[in-house]
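Chemist:
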Amino acid sequence: MGMALEKVRDDARGLSREAFVKKALVIGGGIAGISSSIDLGNAGYDVLLVEKLPSIGGRMLQLSETFPTLDCAQCTLTPKTVETGQHPHIKLLTYSEVDEVTGKAGDFRVRIRRKAAYVDWTKCTGCGLCQQKCPSKNPSEFDRGMGMAKAIYTLSPQAVPNKPVINAAMCRYLKEGKCRVCEKVCPVGAIDYEQKDAYVEERVGAIVVASGFDLMPQERFGEYGQGTIPDVIDGLSFERLNSASGPTTGEIRRPSDGKIPKEVVFIQCTGSRDPERYLPYCSRVCCMYTAKHARLYKHKVHDGQAYIFYMDIRSTGKGYEEFIQQGMEEEGILYLRGRVARMYRDGDKVVVWGVDTLTGKKVEVSADMVVLATALTPQREAKELARKLGIRADEYGFITEAHRKLRPVETDVEGIFVAGCAQGPKDIADAVAHANAAASKVQGLFAKHRNDKSVGG
Amino acid sequence: MDYLYFPGCTLYTKAKNFDQTARTCSRLLGFELKELTNWTCCGATFPLATDNVMALLPPTRILANAKEEGAVLTTLCAICFNVIKRTNRVIQGDEEKRNKINAFIEKNYQGDLRILHYLEILKKEIGFPQLKGKVKKNLSGLKAAAYYGCMLLRPFDEMEFDDKERPTIFEDFLEALGARAVDFPFKIECCGSFQSVGSPDVATECAYKILGSAMKNGAEVIVSTCPLCTFNIDHKQTDIKQKHLDFKTIPVLYFTQILGLAMGVEAETLGFEQNAVDPLPLLKEKGLL
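Residue numbers (the numbering used here), protein chains in the order written: chain A, 1 to 457; chain B, 1 to 289.
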């Protein structure tokens, strides 16, 4: 849209072009984005929360329990997602992605793509009948391919918003032109196979980037079977296995045959701290979550043995070292200082070749299951998002902060902030603190313009 | 197209069957192996010390002489291939060494030969689908395990041969001949290499594990690309049998022998008499002879 046209439009709406819009866009609905949004909303500012998945909660929603307290992730998170969903100042745009951003602090113009859900959410009551009756079952991405999801789905029973979307690649009607079961059973006629992507334009004064993290795919690790050994899984998969809402309803059963694994090998630093072959940086959370995994495994499989291969133990948070010690001393977890060179499938076992550098001996474990603590990476779209926003990202795609020590949540562009793992690997506590900091920076910016003619918030 | 061919020492002695079958098959596939007029031993090991320039002289001389006769050089033995290819890289990329060596051997070689393994010719120049079309005797029903060993693949970034940890070129080759390629976890493990001279027990144990893993996964025959690997996993099977009473022998063929078999080459010219474990009973049982 040309600038002149924009001006005419603004004038018509009685807006001063100089007005500083006191409304924030938060990109990413994980724990960081949720925390920033709630802070800003509670301060009285309007927030637009954009999430690419159908509902908010992010990675934390996939976790079973969290370190170092071992409290249930969903129980701590769900009140927050509900609060976000019901907050009078927060507008959710889920199943949406930021398409284009122009403008400057106080006056960003944002184009957001609302992906076709094939469901009219204004009509949908979230009764769930469509999901029950849908005949197309597919491996669930949320359950890391271990459980099944219908072609029309919500991410979890407590999804916020509790509105389903249709996976067009799996829907029988959209693929083959036959079925329409969900349409038949929907009591309010919310199914809309003709729905197309829609675009909305918004004006905001500040942006918080909280696009989160992903895991380095197992396919990258040829020495660990390249993702072809079914009982070699990654950390998030173990979270799903251990989660009461997961594919095994919380029982530790291995993917290949559903047996309870009696010997489990956990491997830290898979892809992290390996500059020659993979990523040079430390993913920061693996030491702790691997200890957590091993302990949770021992809580459920009392006669099982957990082995952890590690390079160093980095447990710098409050209560973290105690958590590790407890696992070593009281729960009989066997820590082996060394790396694993290879693993392969042998019958129904996974043979793991490693080394214990403290004794200088080679170690071979015939394991029932292996859990790889694969490296944290930014979301695949992070670099592209940074480009759209005109901010810098490092070679991996982590957003670059304005100053490594003194300006940890600001970016190079005034009005654009970063929160959580989008900036670099963080555990939940740090991600929340970072997000709180980003929200206060936004409030500071808005407060500076308190006497401007206000728009939005 | 014709390719310059560096046979290497072993292919003139212990692995004549490797050399002969490669030449025969190339003619059947429509290309000629033009043996270098003047070649020596490649040195048999690529020097690990970066200042050991002396060890680079023989392979560089081979390369320099080859350059005078053509543009693409091929070889069969995995060790020769490793030494030649890595030396070529050094000459290409290290100006100081290039000048030093050229001055010493009185040549002016710039590292501009293209080095291809025979398997790479089959894959990249002929193409496996085309190869499949030329098969006279389909090997279907034969469960063959491709054994890569180390030297074709490592170091990965210098050899650029195939995927680091899970190569497939050899299996694709076997499948093109109609055989069933058996995947087994020890296919890229070390055969024991020169340990068979100083510490034969070490090498025997390596071979025992490799062969055991292949057989456990259903292999009836093992296919190799390297005379030294073949010595360790074929000729040493008598030693393995003495140490491990449960061990059952399994024939080991060079990949050119199995290629020849599929191309319909007469059994008499496939050189089976040089194989330590006699493959004839298996091949007869499978109706391939």
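No residue lacks a Cβ here, since even glycine has one placed at the ideal position from N, Cα and C.
Only a predicted model underlies this, so the values are computations on that prediction, with no experimental measurement involved.
Strictly by DSSP, which residues pair up with residue 139 of chain A?
Modeler: Within the first sequence, residue 139 of chain A is the residue found at index 139, counting from 1. Partner(s): A/148.
Chemist: Using only alpha-carbon positions, find the residue among A/265, A/68 and A/277 that is nearest to residue 310 of chain A.
Modeler: As a first step, residue 310 of chain A is located in the first sequence; it is residue number 310 there, counting from the start. Nearest C-alpha to residue 310 of chain A: A/265.
Chemist: If you draw a straight line from the C-alpha of residue 169 of chain B to the C-alpha of residue 117 of chain B, how long is it?
Modeler: Taking the second sequence and counting its residues from 1, one reaches residue 169 of chain B at position 169. Taking the second sequence and counting its residues from 1, one reaches residue 117 of chain B at position 117. Those two C-alpha atoms are separated by around 11 angstroms.
Chemist: Name the DSSP beta bridge partners of residue 366 of chain A, please?
Modeler: Locating residue 366 of chain A in the first sequence gives position 366, where the first residue counts as 1. A/351.
Chemist: Closer than 8 angstroms is the cut-off here; do at least three beta carbon pairs connect the segment 243 to 251 of chain A with the segment 406 to 419 of chain A?
Modeler: The answer is no - the segment 406 to 419 of chain A does not touch the segment 243 to 251 of chain A, with fewer than three Cβ pairs under 8 angstroms.
Chemist: Looking at the strands, I want to know which residues DSSP matches up with residue 103 of chain A.
Modeler: Locating residue 103 of chain A in the first sequence gives position 103, counting from the first residue. DSSP, once it has assigned bridges, lists A/108 as partnering residue 103 of chain A.
Chemist: In whole angstroms, what separates the C-alpha of residue 46 of chain A from that of residue 436 of chain A?
Modeler: As a first step, residue 46 of chain A must be located in the first sequence, where it is residue number 46. As a first step, residue 436 of chain A must be located in the first sequence, where it is residue number 436. Those two C-alpha atoms are separated by around 16 angstroms.
Chemist: For the alpha helix (DSSP H) containing residue 170 of chain B, name the first residue and the last one.
Modeler: Locating residue 170 of chain B in the second sequence gives position 170, counting from the first residue. Note, residue 170 of chain B: alpha helix (DSSP H), 169 to 176.
Chemist: To be precise: take each residue of the segment 83 to 101 of chain B, compare its Cβ to all Cβ atoms of chain E, and keep it if any distance is under 8 angstroms. Which residues remain?
Modeler: Looking for chain E here will not work: the only protein chains present are A and B.
Chemist: Determine the DSSP secondary structure at residue 181 of chain A, reduced to helix, strand or coil.
Modeler: Taking the first sequence and counting its residues from 1, one reaches residue 181 of chain A at position 181. Reduced to three states, the DSSP call for residue 181 of chain A is helix.
Chemist: In chain order, what residues of the same chain lie with their CB nearer than 7 angstroms to the CB of residue 458 of chain A, ignoring the 5 residues before and after it?
Modeler: The structure shown does not extend to residue 458 of chain A, since chain A spans only 1 to 457, so no value can be given for it.
Chemist: Considering only residues of the same chain and omitting the five flanking positions on each side of residue 297 of chain A, which have a CB-CB separation below 7 angstroms?
Modeler: For this step, residue 297 of chain A is matched to residue 297 along the first sequence. Closer than 7 angstroms at the Cβ level, and outside the excluded window around residue 297 of chain A, lie 252, 264, 304 and 306.
Chemist: Counting pairs of beta carbons, one from the segment 87 to 100 of chain B and one from the segment 141 to 153 of chain B, are three or more of them closer than 8 angstroms?
Modeler: Segments in contact, no.
Chemist: Nearest chain B C-beta to residue 223 of chain A closer than 9 angstroms, yes or no?
Modeler: Position 223 of the first sequence, counted from the start, is the residue given in the question as residue 223 of chain A. Yes, because at least one Cβ of chain B sits closer than 9 angstroms to the Cβ of residue 223 of chain A.
Chemist: What residues in its chain sit with their C-beta under 8 angstroms from that of residue 208 of chain B, if we drop five residues either side in the sequence?
Modeler: Within the second sequence, residue 208 of chain B is the residue found at index 208, counting from 1. Within the same chain, residue 208 of chain B has close Cβ partners 240, 243, 244 and 247.
Chemist: Can you list the residues of chain A that residue 166 of chain B reaches, using a CB-CB cut of under 7 angstroms?
Modeler: For this step, residue 166 of chain B is matched to residue 166 along the second sequence. Correct list: 222 and 226.
Chemist: Which residues in chain A have a C-beta closer than 7 angstroms to the C-beta of residue 155 of chain B? List them in chain order.
Modeler: Residue numbering aside, residue 155 of chain B sits at position 155 when the second sequence is read from its first letter. None at all; the shortest Cβ gap to chain A is about 11 angstroms.
Chemist: Measure the beta-carbon distance from residue 376 of chain A to residue 213 of chain A and round it to whole angstroms, keeping in mind my assumption that it falls under 8 angstroms.
Modeler: By 1-based counting over the first sequence, the position of residue 376 of chain A is 376. By 1-based counting over the first sequence, the position of residue 213 of chain A is 213. At roughly 5 angstroms, the Cβ-Cβ gap stays under 8 angstroms, so residue 376 of chain A and residue 213 of chain A are in contact.
Chemist: Looking at C-alpha atoms only, which residue of B/50, B/263, B/83 and B/33 is the closest neighbour of residue 41 of chain B?
Modeler: By one-based count along the second sequence, residue 41 of chain B stands at place 41. Of the candidates B/50, B/263, B/83 and B/33, the one whose C-alpha sits nearest the C-alpha of residue 41 of chain B is B/83.
Chemist: Under 9 angstroms between beta-carbons, which chain A residues line up against residue 163 of chain B? List them in chain order, please.
Modeler: Taking the first residue of the second sequence as 1, we reach residue 163 of chain B at position 163. Near residue 163 of chain B (Cβ distances below 9 angstroms), the residues of chain A are 222 and 226.
Chemist: How about residue 438 of chain A and residue 417 of chain A: are their beta carbons less than 9 angstroms apart?
Modeler: Indexing the first sequence from 1 puts residue 438 of chain A at position 438. Indexing the first sequence from 1 puts residue 417 of chain A at position 417. Taking 9 angstroms as the Cβ cut-off, residue 438 of chain A and residue 417 of chain A qualify as a contacting pair.
Chemist: So is residue 339 of chain A in contact with chain B if we call contact Cβ pairs under 9 angstroms?
Modeler: In the first sequence, counting from the first residue as 1, residue 339 of chain A sits at position 339. Not an interface residue.
Chemist: Closer than 7 angstroms by C-beta to residue 428 of chain A: which residues in its own chain qualify, once you throw out the five before and the five after it? Chain order, please.
Modeler: Taking the first sequence and counting its residues from 1, one reaches residue 428 of chain A at position 428. If we look at residue 428 of chain A and ignore the five residues flanking it on each side, its Cβ neighbours are 31, 60 and 66.
Chemist: Would you say residue 216 of chain B faces chain A, with C-beta separation under 9 angstroms as the test?
Modeler: Start at 1 with the first residue of the second sequence, and residue 216 of chain B comes out as number 216. Cβ-Cβ to chain A under 9 angstroms: yes for residue 216 of chain B.
Chemist: According to DSSP, is residue 378 of chain A part of a helix, a strand, or is it coil?
Modeler: To locate residue 378 of chain A, count along the first sequence from 1; it is residue 378. In this structure, residue 378 of chain A counts as strand in the three-state DSSP scheme.
Chemist: Going by beta-carbon coordinates alone, are residue 252 of chain B and residue 213 of chain B separated by less than 9 angstroms?
Modeler: In the second sequence, the residue the question calls residue 252 of chain B occupies position 252. In the second sequence, the residue the question calls residue 213 of chain B occupies position 213. Not in contact: residue 252 of chain B and residue 213 of chain B (Cβ atoms no closer than 9 angstroms).
Chemist: Would residue 278 of chain A pass as an interface residue toward chain B - the criterion being a Cβ-Cβ separation below 9 angstroms?
Modeler: For the purposes of this step, residue 278 of chain A is identified with residue 278 of the first sequence, where counting begins at 1. No, residue 278 of chain A lies away from the interface with chain B (no Cβ there is under 9 angstroms from its Cβ).
Chemist: Determine, using beta carbons only, whether residue 89 of chain B and residue 111 of chain B come nearer to each other than 9 angstroms.
Modeler: Stepping through the second sequence from its first residue, residue 89 of chain B is reached at position 89. Stepping through the second sequence from its first residue, residue 111 of chain B is reached at position 111. Yes, the Cβ-Cβ distance between residue 89 of chain B and residue 111 of chain B is below 9 angstroms.
Chemist: What residue range is occupied by the uninterrupted alpha helix (DSSP H) comprising residue 256 of chain B?
Modeler: Locating residue 256 of chain B in the second sequence gives position 256, counting from the first residue. Residues 255 to 262.
Chemist: Report yes if the C-beta distance between residue 431 of chain A and residue 421 of chain A is below 9 angstroms; otherwise report no.
Modeler: The residue given as residue 431 of chain A occupies position 431 in the first sequence. The residue given as residue 421 of chain A occupies position 421 in the first sequence. Yes, the pair counts as a contact, with Cβ atoms nearer than the cut-off.
Chemist: Can you check whether the CB of residue 44 of chain B is closer than 9 angstroms to the CB of residue 79 of chain B?
Modeler: Walking along the second sequence from the start, residue 79 of chain B turns up at place 79. Walking along the second sequence from the start, residue 44 of chain B turns up at place 44. Yes; because the gap between Cβ atoms is below 9 angstroms, this pair is in contact.
Chemist: Measure from the C-beta of residue 351 of chain A to each C-beta in chain B and report whether the shortest distance is under 9 angstroms.
Modeler: Within the first sequence, residue 351 of chain A is the residue found at index 351, counting from 1. Output row for residue 351 of chain A: interface = yes.
Chemist: Roughly how many angstroms lie between the CA atoms of residue 365 of chain A and residue 232 of chain A, to the nearest whole one?
Modeler: Numbered from its first residue, the first sequence carries residue 365 of chain A at position 365. Numbered from its first residue, the first sequence carries residue 232 of chain A at position 232. Whole-angstrom Cα-Cα distance: 14 angstroms.
Chemist: Which same chain residues end up closer than 6 angstroms to residue 129 of chain A when comparing Cβ atoms and leaving out the 5 residues on each side of it in sequence?
Modeler: As a position in the first sequence, residue 129 of chain A is number 129, starting the count at 1. Closer than 6 angstroms at the Cβ level, and outside the excluded window around residue 129 of chain A, lie 185.
Chemist: Which residue or residues does DSSP assign as beta-bridge partners of residue 180 of chain B?
Modeler: Here residue 180 of chain B refers to the residue found at position 180 of the second sequence. Beta-bridge pairing links residue 180 of chain B to B/143.
Chemist: Using a beta-carbon distance below 9 angstroms, is residue 345 of chain A in contact with chain B?
Modeler: Indexing the first sequence from 1 puts residue 345 of chain A at position 345. By this cut-off, residue 345 of chain A is an interface position.
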